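Numbering (the numbering used here) for the sequence shown: 18 to 453.
Note that beta-carbon positions come from the ideal geometry of N, C-alpha and C, so glycine has one too.
Since the structure is predicted, the reported quantities are computational estimates derived from the model, not experimental observations.
Data block below; observations after.
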Amino acid sequence: MNKIKIGLLGCGTVGSGVIQALEKNKATIAAKVGAELEITKVLVRDINKKRDLKNGTISFTCNIDEIINDPEIKIVVEVMGGISPAKEYVLQALKHGKSVVTANKDLMALHGKDLFEAANLGNVDLRFEASVGGGIPIIGPLKTSLAGNQILKVVGIINGTTNYILTKMAKEKSEFNKVLAEAQRLGYAESDPTADIEGLDAARKIAILASIAFNSRVTFPKVYVEGITKITTRDICYANELGYTIKLLGIAQQNNGTIEVRVHPAFIPNEHPLAKVDDVFNAIYVQGDAVGDAMFYGRGAGQLPTASAVIGDLMEVARNLTQGIFDKSYCTCFEHKEIKPFREIKTKYYLRLTVPDRPGVLASIASVFAQHEVSIASVVQKRKTKQAAELVLITHLVKEAYLQDALSAIQDLPFVTQINNVIRVEDLDDEVRVGE
Ligand SMILES: NC(=O)c1ccc[n+]([C@@H]2O[C@H](COP(=O)([O-])OP(=O)(O)OC[C@H]3O[C@@H](n4cnc5c(N)ncnc54)[C@H](OP(=O)(O)O)[C@@H]3O)[C@@H](O)[C@H]2O)c1
18 MNKIKIGLLG
28 CGTVGSGVIQ
38 ALEKNKATIA
48 AKVGAELEIT
58 KVLVRDINKK
68 RDLKNGTISF
78 TCNIDEIIND
88 PEIKIVVEVM
98 GGISPAKEYV
108 LQALKHGKSV
118 VTANKDLMAL
128 HGKDLFEAAN
138 LGNVDLRFEA
148 SVGGGIPIIG
158 PLKTSLAGNQ
168 ILKVVGIING
178 TTNYILTKMA
188 KEKSEFNKVL
198 AEAQRLGYAE
208 SDPTADIEGL
218 DAARKIAILA
228 SIAFNSRVTF
238 PKVYVEGITK
248 ITTRDICYAN
258 ELGYTIKLLG
268 IAQQNNGTIE
278 VRVHPAFIPN
288 EHPLAKVDDV
298 FNAIYVQGDA
308 VGDAMFYGRG
318 AGQLPTASAV
328 IGDLMEVARN
338 LTQGIFDKSY
348 CTCFEHKEIK
358 PFREIKTKYY
368 LRLTVPDRPG
378 VLASIASVFA
388 QHEVSIASVV
398 QKRKTKQAAE
408 LVLITHLVKE
418 AYLQDALSAI
428 QDLPFVTQIN
438 NVIRVEDLDD
448 EVRVGE
C-alpha cells in the first residue's frame, strides 16, 4: 500500500492527540484512504522536552525548513497555534505544493483569504474543521450536506470554558471569580483566560462560521464582542425566575443581504435545546431554508475530540492526493455582503437597575425609555432596602442605539441610578416552517 508522509507542526495537546489517534486506528484509516498515513517529522519549539509518545519513527525538529523542503512530505498539519510564525509556515507549505490541515481559528478568522489564495495557486487543499467546535463536525456539514440551503442563522455555544463557568455559576450559585479559579485548577481555563472569558475565542469561531454560512468573508475584527465577566449569580437567578438560562452565544444571521455577527452573553429560553448544553460541551444551531432547524452537539475541545476533526480532514486531503485532485471550490466566499453596524441591531434586553425608592422615580425612568423608543415588556421590583429598590426590566425588541442612548439619559437623571447589568434576550423562537 502507498504511504503518504505528513509533517506535523506542533506536538502539544492536539498534536500529540493526532499522533495517538492515527496510530490507534492506523489500519482502518489506511483502508478507508487507500494509503497509509505516516507522520515522519514534527516541528516543536523545545526539542529537549520529554514527550510521552509511543510512535518511535517520528523525528523532531525545531527547523521548519526540514519539513517544507522535504519533497516526500505531501501534507502539513498545523497544530502549533497563534498567528506568527504559523501563518508564514502554512503559506510556505502551500506554496511548496503541500496540502494543509489546520486547527488554528486565530489564523483562519484573520487570514483565511490569503491562505485560500495560496492553496489555489499551489493546486493543493486547505482544511480547518477543528478550528471551530473541536470534535463537532460543522464546517464540513455547512460546506457539503447543507450546501443546498440558504442559511438564515447560526447560533453557537462555541467556547467550552465560558460554558463550564456559566453552568457552574448556575448550579452552585458561585460567583464568577471563584468558578474561574476552579476552572483554572481543573485545566478547563488557561492561566491567562482573557481570550475565553472576554469572548474573543468565540468571536473567531463565529467569524469562520458566518463566512461559510453566508458565502461572504467575515473577519474577526468585524465581530461585536462582549464576554461573561459581568455576569453575576443574581442575574442567573433572575433569568431562571423568568424562564431563561444565560449562555455565551456566537450569533450570525443574514437579513436582506446584510450580515449580523456578534458574541455576547444572552438570556435564552429554558426549553430551547441550546439551554441544555452544559459544562464544557459545545453546540451549534443552524437554520436553513430547506433543512429547517438542525443542531450539532459535542465536545468543543480536548486532545482526542480535536484530533478526531483533524484526522477527518487529513483523510479527505489524503484521498484527494491518491486520486490526484484538489478541491479548488472549497473556499465559498464568492459574495460580498455588508456587515450591519452593531448599533443597528435589534434585540430584547434584560436590565437590572438600582434606583432610589421614592415616588416619581419609576415614572421618570419610564419616560426616558419612551422618549428613546424603548418599550418595556415587564418591570419587577426584586429587592428593597430603606433607600433603594432593585428593578428588573425586560424590553421589547429595540435597536441597540436607542437602548444605549436611553441608558446614557438615565445616568443623567437627577437621582442616582445604578445600572447593574444589561444582558440581551434571545428568544430564538423564529422557527423555520419548512414546506409552507
Ligand atoms: N487544545 C484544544 O482543545 C484545541 C481545540 C481546538 C483547536 N485547537 C487549536 O489547535 C492548535 C494547537 O493547540 P494546542 O492546545 O495543542 O496547543 P499547545 O498544547 O500549546 O501546543 C502547541 C505546540 O506547538 C509547538 N509550537 C508552538 N509555537 C511554536 C514555534 N514557534 N515553533 C515551533 N513549535 C511551536 C509547541 O512546541 P513545544 O511542545 O516544544 O512547546 C507545542 O508542541 C491551536 O491553534 C488551538 O487554537 C486546540
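- By the criterion of a C-beta distance shorter than 7 Å, A48 is surrounded by no residue of its chain, once the five residues flanking it on both sides are discounted.
- Distance from the CA of G317 to the CA of F432, rounded to the nearest whole angstrom, comes to 47 Å.
- A contact between stretches requires three or more CB pairs, one per stretch, nearer than 8 Å, and the region 335–350 fails this requirement with the region 407–421.
- Distances from the alpha-carbon of L197 to those of I153, L169, I245 put I245 closest.
- Distance between T74 and V61, taken at the CA atoms: about 16 Å.
- Here the residues close to ligand 1, judged by CB distance below 7 Å to any of its heavy atoms, are L26, G27, C28, G29, T30, V31, G32, L60, V61, R62, D63, K66, C79, V96, M97, G98, G99, P102, A120, N121, K122, D123, A147, S148, G151, A318, G319, Q320, T323 in chain order.
- Taking the C-beta atoms as reference points, D429 is found no nearer than 7 Å to H389.
- About 6 Å separates the beta carbons of N121 and S148, which is inside the 8 Å limit, making them a contact pair.
- Counted as a single uninterrupted DSSP element, the stretch harbouring Q167 is not any alpha helix (DSSP H), since DSSP gives it neither H nor E.
- A buried status is given to R221, since no fewer than 16 other beta-carbon atoms sit within 10 Å of its beta-carbon.
- Rounded to whole angstroms, the separation of the alpha carbons of A187 and A44 is 45 Å.
- Contact fails between the region 343–358 and the region 57–71, because fewer than three Cβ pairs, one in each stretch, are under 8 Å apart.
- Bounds of any beta strand (DSSP E) do not take in A206, whose DSSP letter is neither H nor E.
- Residue pairing by DSSP leaves P102 without any beta bridge partner.
- The shortest C-alpha to C-alpha distance from E361 to any of C28, A230, T275 is the one to T275.
- If you keep only unbroken beta strand (DSSP E) runs of at least 3 residues inside the region 69–144, you get 76–78, 90–95, 116–119.
- The C-beta of C28 has 16 or more other C-beta atoms within 10 Å across all chains shown, which makes the residue buried.
- Membership of N272 in any alpha helix (DSSP H) is not indicated; the residue belongs instead to the beta strand (DSSP E) covering 261–272.
- For R144 and E258, the gap between their C-alpha atoms comes out near 44 Å.
- Non-local beta-carbon contacts of A212 in its own chain, meaning distances under 6 Å to residues more than five positions away in sequence, involve D218 in chain order.
- Under the DSSP assignment, A300 falls in the beta strand (DSSP E) whose first and last residues are 298–305.
- Secondary structure at A311: strand, using DSSP grouped into helix, strand and coil.
- Of all alpha-carbon atoms in F313, L291, G99, V327, the one lying nearest the alpha-carbon of G34 is that of V327.
- L414 carries a coil assignment under DSSP once its states are collapsed to helix, strand and coil.
- Across the structure, K293 and P88 are spaced so that their CA atoms are roughly 49 Å apart.
- Listed in chain order, the non-local C-beta contacts of A200 below 7 Å within the same chain comprise T178, Y181, I182, A206, local neighbours out to five positions each way being set aside.
- Taking each of S325, L163, D82 in turn and checking the Cα distance to V303, the smallest one comes out for L163.
- Rounded to the nearest angstrom, the gap between the Cα atoms of I90 and I229 is 29 Å.
- Where V442 is concerned, there is no enclosing alpha helix (DSSP H), although the beta strand (DSSP E) around it starts and stops at 435–442.
- According to the DSSP assignment, A394 belongs to the beta strand (DSSP E) that extends over 393–401.
- From the listed residues I21, G151, V415, the smallest Cα separation to L321 is found for G151.
- D209 and A38 have their alpha carbons spaced roughly 29 Å apart.
- For E55, there is no enclosing alpha helix (DSSP H); the enclosing beta strand (DSSP E) covers residues 53–60.
- Burial state of E443 is buried, judged by a 10 Å Cβ sphere holding 16 or more other Cβ atoms.
- The secondary-structure analysis by DSSP pairs A283 across a beta bridge with K264, R441.
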